[in-house]
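Undergrad: Just so we're aligned: 225 in the working numbering is position 58 of the sequence shown, and the numbers increase by one with no gaps anywhere. A virtual CB, placed ideally from N, CA and C, is assigned to each residue, including glycine.
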Amino acid sequence: MSIDKQSDLAADLQIGPTSLGMVRIYVVADGVELPLDFEPDEAEEIAEELRAAAEAARAQHTPKAKPKKPAK
Numbered sequence: 168m169s170i171d172k173q174s175d176l177a178a179d180l181q182i183g184p185t186s187l188g189m190v191r192i193y194v195v196a197d198g199v200e201l202p203l204d205f206e207p208d209e210a211e212e213i214a215e216e217l218r219a220a221a222e223a224a225r226a227q228h229t230p231k232a233k234p235k236k237p238a239k
């Protein structure tokens with residue numbers, strides 16, 4: 168599945184620190200539990216990528232101004 172393909176799958180997402188100083192992204196979907204642990208620096212890089220993707224998505228769906236009709 169590509170990142171741009173829509174899906175009917177649903178998942179729960181939790182993010183938080185672990186007792187070992189890692190950042191965990193925990194995904195649960197259809198009986199699958201997927202703990203993903205990252206070093207804090209890696210987690211910050213992921214956060215930057217999320218912000219950039221959100222900005223790009225917002226820019227794609229921002230209504231463009233209609234051209235103004237010339238004054239008579």
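1) Which residues does DSSP pair with R191 in a beta bridge?
2) Counting C-beta neighbours from all protein chains within 10 Å, is the total for V190 16 or more, i.e. buried, or is it exposed?
3) Can you check whether the CB of A178 is closer than 7 Å to the CB of V194?
4) Can I182 and I170 be called in contact, C-beta distance under 7 Å?
5) Pull up the distance between the alpha-carbon of D175 and that of R218, whole angstroms please.
TA: Put simply:
1) Here the question's residue 191 lines up with position 24 in the sequence shown. G183 and D204.
2) Within the sequence shown, the letter at position 23 stands for residue 190. So V190 counts as buried.
3) As a first step, residue 194 is located in the sequence shown; it is residue number 27 there, counting from the start. As a first step, residue 178 is located in the sequence shown; it is residue number 11 there, counting from the start. Yes.
4) Within the sequence shown, numbered from 1, the residue matching residue 182 stands at position 15. Within the sequence shown, numbered from 1, the residue matching residue 170 stands at position 3. No. Outside cutoff.
5) Taking the first residue of the sequence shown as 1, we reach residue 175 at position 8. Taking the first residue of the sequence shown as 1, we reach residue 218 at position 51. The alpha-carbon atoms of D175 and R218 are separated by roughly 24 Å.
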